[in-house]
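Residue numbers (the UniProt record's numbering): 1 to 84. Take a look at the structure below.
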Amino acid sequence: EESGWKSRKDNPAFIKALEGMRFKASYEFPEGDIYMRAEDHQCFHDESVEKIEDGKWTVIERVPAKDVYYETTVDYTKEKFVTE
1 EESGWKSRKD NPAFIKALEG MRFKASYEFP EGDIYMRAED HQCFHDESVE KIEDGKWTVI
61 ERVPAKDVYY ETTVDYTKEK FVTE
């Protein structure tokens with residue numbers, strides 16, 4: 001919605017709208033808040049280590065997004081869009 005995407009010609013605007021976007025935890029994003037880093041399009045969110053045993057689902061450990069964050073080695077925001 002934010003990008004105004006209607007067809008393939010709108011793909012560059014769609015990508016730019018997603019870059020750096022944050023998504024709040026919701027029904028659509030049950031894993032929690034999500035951040036999409038603009039430079040490499042990597043998403044970060046809290047992680048869960050889970051186990052299913054005898055039909056029971058148990059969360060063993062929660063790992064905060066800040067603990068899985070790493071520096072990027074690329075920057076897609078500096079690249080040109082390829083269009084057909």
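Glycine included, C-beta positions come from ideal geometry on N, C-alpha and C.
What's the gap between the Cα of residue i and the Cα of residue j?
{"i": "ASP46", "j": "PRO30", "result": "10 Å"}
{"i": "ASP40", "j": "VAL74", "result": "6 Å"}
{"i": "LYS6", "j": "LYS56", "result": "44 Å"}
{"i": "ALA65", "j": "TYR76", "result": "22 Å"}
{"i": "ARG8", "j": "THR72", "result": "28 Å"}
{"i": "GLY20", "j": "GLN42", "result": "10 Å"}
{"i": "LYS24", "j": "TYR70", "result": "21 Å"}
{"i": "LYS80", "j": "GLU1", "result": "23 Å"}
{"i": "GLY32", "j": "GLY4", "result": "26 Å"}
{"i": "ARG22", "j": "GLU28", "result": "13 Å"}
Report the option in the options whose CA atom is closest to the CA atom of residue i.
{"i": "VAL63", "options": "LYS78, THR72, PHE44", "result": "PHE44"}
{"i": "ILE60", "options": "TYR69, TYR70, SER48", "result": "SER48"}
{"i": "LYS78", "options": "TYR69, THR58, ALA38", "result": "ALA38"}
{"i": "VAL68", "options": "THR58, ILE34, LYS80", "result": "ILE34"}
{"i": "VAL82", "options": "SER3, ASP10, GLU2, GLU1", "result": "ASP10"}
So the beta strand (DSSP E) residue i belongs to, where does it begin and stop?
{"i": "LYS16", "result": "Note, LYS16: premise wrong, no beta strand (DSSP E); alpha helix (DSSP H) at 11-18."}
- Message: Count Cβ pairs between the stretch 13-26 and the stretch 50-65 that sit closer than 8 Å; are there 3 or more?
- Response: no
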